Amino acid sequence: MEYFQISGGKRLRGTVELSGAKNAALPIMAASILCEGEVTLHGVPDLTDVRTMEKLLNRLGVSTSRESGGTMRLKVEDEMNCHADYELVAQMRAGVCVMGPLLTKRGKSQVSLPGGCAIGDRPINLHLQGLQALGADADLVSGDVLLKAKRLTGTELFLGGPFGSTVTGTANVMMAASLAEGRTIIESAACEPEVADLANFLNACGANITGHGTPRLTVEGVKKLEGCEYTIIPDRIEAGTFIIAGAITNGEVRLRNCRLEHLLAVVDRLRQVGVNVEREGHEVMVSSARRLEPIAVTSQPYPGFPTDLQAQMMALLCLADGNSIITEKIYPDRFMHVGELNRLGARLRKEGPTVIVEGVKRLIGAQVMASDLRASAALVLAGLVAKGETRVNRVYHIDRGYEKFERKLLALGADIERCTADEPD
Ligand code: EPU
Numbered sequence: 523m524e525y526f527q528i529s530g531g532k533r534l535r536g537t538v539e540l541s542g543a544k545n546a547a548l549p550i551m552a553a554s555i556l557c558e559g560e561v562t563l564h565g566v567p568d569l570t571d572v573r574t575m576e577k578l579l580n581r582l583g584v585s586t587s588r589e590s591g592g593t594m595r596l597k598v599e600d601e602m603n604c605h606a607d608y609e610l611v612a613q614m615r616a617g618v619c620v621m622g623p624l625l626t627k628r629g630k631s632q633v634s635l636p637g638g639c640a641i642g643d644r645p646i647n648l649h650l651q652g653l654q655a656l657g658a659d660a661d662l663v664s665g666d667v668l669l670k671a672k673r674l675t676g677t678e679l680f681l682g683g684p685f686g687s688t689v690t691g692t693a694n695v696m697m698a699a700s701l702a703e704g705r706t707i708i709e710s711a712a713c714e715p716e717v718a719d720l721a722n723f724l725n726a727c728g729a730n731i732t733g734h735g736t737p738r739l740t741v742e743g744v745k746k747l748e749g750c751e752y753t754i755i756p757d758r759i760e761a762g763t764f765i766i767a768g769a770i771t772n773g774e775v776r777l778r779n780c781r782l783e784h785l786l787a788v789v790d791r792l793r794q795v796g797v798n799v800e801r802e803g804h805e806v807m808v809s810s811a812r813r814l815e816p817i818a819v820t821s822q823p824y825p826g827f828p829t830d831l832q833a834q835m836m837a838l839l840c841l842a843d844g845n846s847i848i849t850e851k852i853y854p855d856r857f858m859h860v861g862e863l864n865r866l867g868a869r870l871r872k873e874g875p876t877v878i879v880e881g882v883k884r885l886i887g888a889q890v891m892a893s894d895l896r897a898s899a900a901l902v903l904a905g906l907v908a909k910g911e912t913r914v915n916r917v918y919h920i921d922r923g924y925e926k927f928e929r930k931l932l933a934l935g936a937d938i939e940r941c942t943a944d945e946p947d
């Protein structure tokens, strides 16, 4: 099993080039099922999750090929199979994004119901509610959700749940509605830039979607979608992670290919902490004051502070001069990193969906265990500044969502090495 060995205390300096957004690339790849011609995507990051999506699409009759530099070509060759089985969906929940496209294009979709994961229950009831509102019949067959419909019909529907909007749920319903008959209005749609990116991709293929990026999305169904050439937006969560990496090491980091307008809530909180994040031409420059101020942060749907940066922000606030409060409003149990950060000398106390962070003067290196993608990134960030050696086990979580993570950190001057252990972890 691989782990990262980090020797803390190096100030990061230099420029890092951000990759394309994982959470935009995955549903856009799934949307290729809808298209008649070849799809060419640029900016597809090389990640385990992307490879898992390729495998899933290949089984569903979509051929995929990669060129260097993040270009991927996808083309539907065979429309017989409509079954996304447990083996792949259990590895990666974004596998459910094939549900809407299969249903609307092939009239049937059988997708394994994803179970819970390290960050919470993660139900898909809203996806199903939306697809049923478009006219699909739903059944549960041996742990698979079986959806059928001869032709979907547009309607007005509300897609909000107890924790707000749903990102992949909106993606599924929007993709299904793009080939439905008539107009669909999705109220309480997710406004995340990745959902808007998917809508832009679909429009480039011939769909008629408006209102993306707002909570009221309108989809006028069209008869067919063609292929197109499209560039995926840069990854705002990777950007936020590197901004915090710069801040936590009191370094000076420049980001290339960064869309700061997707990170306004994050920049707002970071400035409150004392981190300078400024646009300089096409780049973003990060530097920080020596003293970090404590703050309150609450994760919310976009444009609020993203849950996918909650753990990394916690790592930073461990070193603030006073008590911070972090509240998780999307996944109230997404706190697996709390116990691990405490192993590094943090003083964190969890009370329901809130963590009280008592700032400490320093973190001290130790062996810690990654539990999910973003929690793992937070442990690496903490390791970069912890005194002495930190070993972060189970780095396969990081490989799911950060392209060349340790190589990018190395290039900024971090002392980090990917090592292989003989023993299983
Ligand atoms: N929810 C429901 N019912 C549903 C769907 C969601 O109650 O049918 C709840 C969820 O349990 C959660 C909230 O609604 O409390 C929001 O979940 P959402 O559906 O938006 O999450 P997702 O689409 O499954 C995507 C990202 C996640 C990210 C969340 C929230 C992808 C592939 N995944 O998940 O990314 O945390 O949105 O922004 O886009 C990650 O990249 O590390 C990651 C976990």
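The numbering used here applies: residue 523 is where the sequence shown begins, and numbers increase by one. No residue lacks a Cβ here, since even glycine has one placed at the ideal position from N, Cα and C. Please read all numbers here as calculations on a predicted model, not as lab measurements.
Closer than 7 Å: residue i CB and nearest the ligand EPU heavy atom
i      : result
Glu716 : yes
Leu895 : yes
Lys544 : yes
Thr688 : yes
Arg588 : no
Pro816 : no
Gly826 : no
Arg615 : yes
Arg778 : no
Phe993 : In the structure as shown, the chain starts at 523 and stops at 947, and residue 993 therefore has no counterpart that could be examined.
His649 : yes
Ala712 : yes
Phe685 : yes
Thr876 : no
Pro567 : no
Asp643 : yes
8 Å Cβ cutoff met for residue i and residue j
i      : j      : result
Val808 : Phe526 : no
Leu556 : Leu747 : yes
Leu932 : Val775 : no
Gly735 : Cys713 : yes
Pro828 : Ile759 : yes
Leu644 : Pro636 : For the record, residue 644 in the displayed sequence is Arg; it is not Leu. Closer than 8 Å, so yes.
Gly691 : Leu648 : yes
Gln834 : Ala899 : yes
Asp698 : Leu674 : Note that residue 698 corresponds to Ala in the displayed sequence, not to Asp. Closer than 8 Å, so yes.
Gly844 : Gly881 : yes
Ala837 : Leu903 : yes
Glu576 : Thr586 : yes
Val744 : Leu777 : no
Neighbour-count burial assignment, residue i, 16 or more Cβ in a 10 Å radius
i      : result
Pro684 : exposed
Lys883 : exposed
Thr537 : exposed
Val663 : exposed
Met594 : buried
Gln794 : exposed
Leu810 : In the sequence under discussion, the amino acid at residue 810 is Ser, which differs from the Leu named in the question. Looking at its Cβ environment, which holds 16 or more other Cβ atoms inside 10 Å, Ser810 is buried.
Ala908 : buried
Glu925 : buried
Arg813 : exposed
Arg791 : buried
Asp948 : As displayed, the chain neither begins before 523 nor continues past 947, which places residue 948 out of reach and without an answer.
Endpoints, beta strand (DSSP E) assigned at residue i
i      : result
Lys926 : Run containing Lys926: none; DSSP gives neither H nor E here.
Gln632 : 630-634
Lys670 : 666-670
Asn798 : 797-802
Own chain partners of residue i with C-beta closer than 6 Å, once the 5 adjacent residues on each side are dropped
i      : result
Gly826 : Ala787
Asp607 : Ser634
Arg582 : It is worth fixing the name first, because residue 582 is Leu in this sequence and not Arg. These residues qualify, in order along the chain: Asn603.
Proximity test, Cβ basis, 8 Å: residue i and chain C
i      : result
Ala837 : Protein chains in the displayed structure number just one, and chain C is not present.
Terminal residues of the alpha helix (DSSP H) in which residue i lies
i      : result
His859 : 859-865
Gly691 : 689-700
Ile770 : 758-770
Ser541 : Careful: Ser541 lies outside any alpha helix (DSSP H) and carries neither H nor E.
Ala658 : That residue, Ala658, is in no alpha helix (DSSP H); it is neither H nor E in DSSP.
Arg896 : 895-907
8 Å Cβ shell around residue i - same chain, five flanking residues per side excluded
i      : result
Ile852 : Phe685, Gly686, Ser821, Gln822, Pro823, Thr829
Gly910 : Ser529, Gly530, Ile886, Gly887
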